[in-house]
Structure formats: C-alpha cells, structure tokens
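Student: For reference, the structure I am asking about is given below.
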Amino acid sequence: MQQYKIDQIEQLAQKLVALPANHNRDVSRREAVQLMARAIREAQDKGYTLEQVASELSSGGFTISSSSLKSYLAAAKTKPKKTRAPTKSAATDHQASAGAASQTAG
C-alpha cells in the first residue's frame, strides 16, 4: 500500500483549490439557459419576447424553442431548498427545562 506525506497531500489540495473555473466543458441546453438567464431577462426587460430571444439564440447557433426557454428559465428561477438541521437553541431549551424539572423534584 502506498503511503503519502501530509505535506504532499496539502500541497495537492491547495493546487486543486487554486484551479480556475473550467470554461472549456460541454453543458446541457438547460445549463446553458441557466448561465444566460440574467442576459435573457435583461433582453425581456428591454421589451423582447421569449420568441424573439429564442430566435436570436437560434440564429447564433443555439437552437431552442420559446417554450423550452420559458421552462428552463422557470427552473433557473427556483433554487432547491436546503433542509435545515435542528437548531442548537431548541436542544438547549429542552435540556434547560429538563434540568429545572429535576431541581424542583429534588
């Protein structure tokens, strides 16, 4: 089994953290719309319809229908909700009330 020095691992980890974003990768149509969502909304704010935006994108080599564009934009607008861990104060309150009960019983 190969062994590694902690210094070596830390240097490798720092090297990975320092890597720039990889802009030379393929993305799905949905992800592409998410990346362009702000620009698409700005075009809408200027009075362009989704049909016109889809046509403009298609003429630039990004073929998409206005209905797909609308669907992907709606998905980009809603972000997944994170589940919350129990709060520390709830556990503290429970312990405090249990402690108070034991003090009055004794």
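For reference, each letter of the sequence shown is one residue, going 1 to 106 in UniProt numbering.
Glycine included, C-beta positions come from ideal geometry on N, C-alpha and C.
(1) Would you report the Cα separation of Gln11 and Ala21, rounded to the nearest angstrom?
(2) Please report the straight-line C-alpha distance between Tyr72 and Ile9, rounded to a whole angstrom.
(3) So what does DSSP say about Arg30, is it helix, strand or coil?
(4) When you compare only the Cα positions, how much space is there between Asp45 and Ser28?
(5) Under 8 Å Cβ to Cβ from Ala41, same chain only, skipping five residues before and after it: list those, please.
Tutor: Considering the structure as presented:
(1) In the sequence shown, residue 11 corresponds to position 11, counting from 1. In the sequence shown, residue 21 corresponds to position 21, counting from 1. When rounded, the distance between both Cα atoms is 19 Å.
(2) Against the sequence shown, residue 72 aligns to sequence position 72. Against the sequence shown, residue 9 aligns to sequence position 9. Their backbone Cα atoms lie some 40 Å apart in a straight line.
(3) Numbered from 1 along the sequence shown, position 30 holds the residue referred to as residue 30. In this structure, DSSP gives Arg30 a helical state, which the three-state scheme calls helix.
(4) In the sequence shown, counting from the first residue as 1, residue 45 sits at position 45. In the sequence shown, counting from the first residue as 1, residue 28 sits at position 28. Going from the Cα of Asp45 to the Cα of Ser28 covers about 25 Å.
(5) Locating residue 41 in the sequence shown gives position 41, counting from the first residue. Checking the sequence, you will find Arg at residue 41 rather than Ala. Result list for Arg41: Leu73, in chain order.
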